[in-house]
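Here is the structure we will look at, set down as structure tokens.
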Amino acid sequence: MSWVILVFAGLLEVGWAVGLKQSAGFTRLWPSVLTVLAMLASIGLLGLALRHLPLGTAYAVWTGIGIVGTAIFGMVVLGEPVGALRLLSIALIVAGIIGLKLLTPG
1403 MSWVILVFAG LLEVGWAVGL KQSAGFTRLW PSVLTVLAML ASIGLLGLAL RHLPLGTAYA
1463 VWTGIGIVGT AIFGMVVLGE PVGALRLLSI ALIVAGIIGL KLLTPG
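In terms of the numbering used here, the numbers along the sequence shown are unbroken and rise by one, the last being 1508.
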């Protein structure tokens, strides 16, 4: 269950990263409110996952999910550049997340 919680925490990290962009530096009320709520929920879920997962693993997976999700969102929705090296770099992060999952009990 800790891994499921950690995945949701990582997805919420994507949400607050996107929210930071949409809030325009916290100058827009509702995007700012949603961003802060996503931040709190993400960190709260990370804290729950840390009850049963090692700190280094959980933090690396949490940030990895955030990195990959935010990068993909930027490319697909915001029209950020897509290139072979960029996709390879994202794939390496995914491989690292999978490796940490396979090597960590829980």
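Every residue gets a Cβ at the ideal spot worked out from N, C-alpha and C, and that includes glycine.
Small disclaimer: the values here were computed from a predicted structure and weren't measured.
Would you identify the three-state DSSP class for residue 1429, choosing helix, strand or coil?
Numbered from its first residue, the sequence shown carries residue 1429 at position 27. Here residue 1429 sits in coil by DSSP.
Here's a check: name, in chain order, each residue in its chain whose Cβ is nearer than 7 Å to the Cβ of residue 1475, leaving out the five neighbours to either side.
In the sequence shown, residue 1475 corresponds to position 73, counting from 1. Result list for residue 1475: 1416, 1420, in chain order.
Are the Cβ atoms of residue 1441 and residue 1418 separated by less than 8 Å?
Residue 1441 sits at position 39 when you count from the first residue of the sequence shown. Residue 1418 sits at position 16 when you count from the first residue of the sequence shown. Cβ distance < 8 Å, so residue 1441 and residue 1418 count as in contact.
Whole-number beta carbon distance between residue 1492 and residue 1473, since they are thought to touch under 8 Å:
Within the sequence shown, residue 1473 is the residue found at index 71, counting from 1. Within the sequence shown, residue 1492 is the residue found at index 90, counting from 1. That belief holds up - the Cβ atoms of residue 1473 and residue 1492 are roughly 6 Å apart, short of 8 Å.
Note the first and the last residue of the continuous alpha helix (DSSP H) segment covering residue 1415.
The count along the sequence shown starts at 1 and reaches residue 1415 at position 13. Counting along the chain, the alpha helix (DSSP H) containing residue 1415 begins and ends at 1404 to 1424.
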